[in-house]
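Asker: In case it helps, the working numbering puts the sequence shown at residues 16 to 401. Just so it is clear, CB atoms sit at the ideal spot from N, CA and C, and this is done for glycine as well. Since the model is a prediction, treat every value here as computed from it, not as a measurement.
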Amino acid sequence: MARPADAAPRQGFIAHWLAALRAMFRDHGVLLLVVGGPLFYSFFYPWFYSAQVVQRVPVAIVVPEADGLTRQLLRYADASAQLAVNLVTADAQQARQALLRGDIYGYAELPRGLKRSVLRREPAHVTVYAHGSYPLVSKQVQQGFAQSFGTVAAGVQLKRLQAGGQSAPQAAASRAPLQLHSVALFNPTGGYGSFVVAAVALLILQQTLLMGIAMLVATWREQQRAAASPGAWLARLLAFCLPGWLAGLYYFGWMFVWHDYPSGGNPLGALALLGLFVPAVVGCAALLGLWVAERERVLYLALFTSLPLAFLAGFTWPAEALPPWLEWLRWASPSTAAIQASLRLNQLGAPLAAALGPLAVLAAIALLGWLGTLLAGSRQRPSAPP
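1. From the DSSP output, read off the bridge partner residues of residue 73.
2. Under three-state DSSP, which class holds residue 392?
3. Cα separation between residue 383 and residue 209?
4. Exposed or buried, what is residue 269 when buried is set at 16 or more other beta-carbons lying within 10 Å of its beta-carbon?
5. Under the three-state reduction of DSSP, which class applies to residue 149: helix, strand or coil?
6. Have a look at residue 243 and residue 393 and give me their C-alpha separation to the nearest angstrom.
7. What is the DSSP secondary structure of residue 311, counted as helix, strand or coil?
8. By the 10 Å Cβ neighbour count, where 16 or more other Cβ atoms means buried, how is residue 234 classified, buried or exposed?
9. Under 7 Å, do residue 156 and residue 72 count as touching if we go by C-beta distance?
10. Go to residue 121, then tell me how far its beta strand (DSSP E) extends in each direction, as first and last residue.
11. Run through DSSP, which three-state label would residue 143 get?
12. Inspect the CB distances between the stretch 273-284 and the stretch 359-366 and report whether three or more fall short of 8 Å.
13. How close, in whole Å, do the beta carbons of residue 250 and residue 40 come, if the pair is a contact with beta carbons under 8 Å?
14. Ends of the alpha helix (DSSP H) at residue 360?
15. For the candidate residues 262, 226, 299 and 147, whose alpha-carbon lies nearest to that of residue 377?
16. Quick check: the Cα distance between residue 391 and residue 278, rounded to an integer number of angstroms?
17. From this set, 366, 335 and 329, which residue's C-alpha is nearest residue 348's C-alpha?
18. So that I know if they touch, is there some Cβ in chain C lying closer than 7 Å to that of residue 110?
19. State the DSSP-derived secondary structure class of residue 104, mapped to helix, strand or coil.
20. Can you check whether the CB of residue 123 is closer than 7 Å to the CB of residue 63?
21. Pick out whichever of 80, 60, 89 and 84 has its Cα sitting closest to the Cα of residue 74.
22. Name the two residues that bound the continuous alpha helix (DSSP H) containing residue 331.
23. Around the C-beta of residue 148, are 16 or more other C-beta atoms found within 10 angstroms, so that it is buried, or is it exposed?
Have a look at this one:
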């Protein structure tokens, strides 16, 4: 007699779980967000950063006097992968106007009497102007001129040392007694895509799942169909987690690999992250839907918070530069802890112990969200389940 009694609750739990899945797939708006959104953004968002590094930035060089040294500087600058010398002029105002028109994004102004200063071993200064409205472009302009002109300056120093009686190896050792070998870890190309997509992917997973589930729950609330027992709501929440877990596995297991982004450092740690991150988002989404109770308003709130959450996550703007109250408030969003944990586990390959702090935050958000949903959902006006 005990076996049928035990089977009945289990059957009811499964029925509620399947009913929630059917409700998600029958609602085209929800389906588009929780399934179509992650798929679409996995191709669309990384496409903008496929080049990874800005190259061949149009620049100008102001040359008041043409001589062998200035011609060498021009050749080295144009040979740089970062720069494309589109304008050579003796008029600094012409270069400035080209910068204001957008024809170029920076220029270097060589001083008059540059070769004479070099021959006399006097300090010579080259001024570089870059378009500050585009930080990545400005960085490439400044680095490109610094490296190309620095190479020419190194050649001048080597010739001086050799003229003093040193051999070529001795001159090279005298100029740079300490050899520096720079190795880029975790982002070998130094690309912007590898840096930003790895973080934004977690925010995409959160916002698409948050909007979809909150819309569905708000629709139930509008139609007075949100009331259910705690057991039924538990089944619903687990059903809501399924598309989030699948989307997370797709991102971590295929999307990062397809776009050649650093990933897979700690696969088990990444699975633990998904196991906590998705329930945390689902709990927040269900509470948001029960609280707002209007399908359209859910979209307004979620879309409004997307950009602030990106800035508060700590990858586009240092968290230490935020006001103290914002630095604490940002942890209320699951994406903040998830991005920090993902960068450590999935990109850097850190052990699970290194991400216990962010994972604990996700566990706390998930626990509070689920308990709040079970309590609020069971107190709704009773009606037929969806």
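Answerer: So, to answer that:
1. In the sequence shown, the residue the question calls residue 73 occupies position 58. According to DSSP, which records beta bridges pairwise, residue 73 is partnered with 99.
2. The count along the sequence shown starts at 1 and reaches residue 392 at position 377. Helix at residue 392.
3. For the purposes of this step, residue 383 is taken as residue 368 along the sequence shown, with counting starting at 1. For the purposes of this step, residue 209 is taken as residue 194 along the sequence shown, with counting starting at 1. Computed Cα separation, rounded: 33 Å.
4. Position 254 of the sequence shown, counting from 1, holds the residue named residue 269. The residue in question, residue 269, is exposed, as its Cβ has fewer than 16 Cβ neighbours within 10 Å.
5. For the purposes of this step, residue 149 is taken as residue 134 along the sequence shown, with counting starting at 1. It is coil, neither helix nor strand.
6. Within the sequence shown, residue 243 is the residue found at index 228, counting from 1. Within the sequence shown, residue 393 is the residue found at index 378, counting from 1. Their backbone Cα atoms lie some 5 Å apart in a straight line.
7. Position 296 of the sequence shown holds residue 311. In the structure shown, residue 311 sits in a helix (DSSP, three-state: H, G or I).
8. Reading the sequence shown from its first residue, position 219 is the one you call residue 234. It is buried - the Cβ of residue 234 has at least 16 other Cβ atoms within 10 Å.
9. For the purposes of this step, residue 156 is identified with residue 141 of the sequence shown, where counting begins at 1. For the purposes of this step, residue 72 is identified with residue 57 of the sequence shown, where counting begins at 1. Taking 7 Å as the Cβ cut-off, residue 156 and residue 72 qualify as a contacting pair.
10. As a working mapping, residue 121 is identified with position 106 in the sequence shown. 121-124 is the span of the beta strand (DSSP E), which, as asked, contains residue 121.
11. Taking the first residue of the sequence shown as position 1, residue 143 is located at position 128. Strand, per DSSP.
12. yes
13. Position 235 of the sequence shown, counted from the start, is the residue given in the question as residue 250. Position 25 of the sequence shown, counted from the start, is the residue given in the question as residue 40. Incorrect: roughly 16 Å between the Cβ atoms, too far for contact.
14. Taking the sequence shown and counting its residues from 1, the one referred to as residue 360 is at position 345. Premise fails: residue 360 is in no alpha helix (DSSP H) and is neither H nor E.
15. Reading the sequence shown from its first residue, position 362 is the one you call residue 377. Considering only alpha carbons, the answer is 299.
16. Sequence index remark: in the sequence shown, residue 391 carries index 376 (1-based). Sequence index remark: in the sequence shown, residue 278 carries index 263 (1-based). Distance between the alpha carbons of residue 391 and residue 278 is about 39 Å.
17. Indexing the sequence shown from 1 puts residue 348 at position 333. Considering only alpha carbons, the answer is 329.
18. Looking for chain C here will not work: only one protein chain is present.
19. Within the sequence shown, the letter at position 89 stands for residue 104. The answer is strand: DSSP assigns residue 104 an E or B state.
20. Position 48 of the sequence shown, counted from the first residue, corresponds to residue 63. Position 108 of the sequence shown, counted from the first residue, corresponds to residue 123. No, these two residues do not count as a Cβ contact at 7 Å.
21. Residue 74 sits at position 59 when you count from the first residue of the sequence shown. Selected option, being the one with the closest Cα: 89.
22. As a first step, residue 331 is located in the sequence shown; it is residue number 316 there, counting from the start. Residue 331 -> no alpha helix (DSSP H), and no H or E assigned at all.
23. Position 133 of the sequence shown holds residue 148. It counts as exposed.
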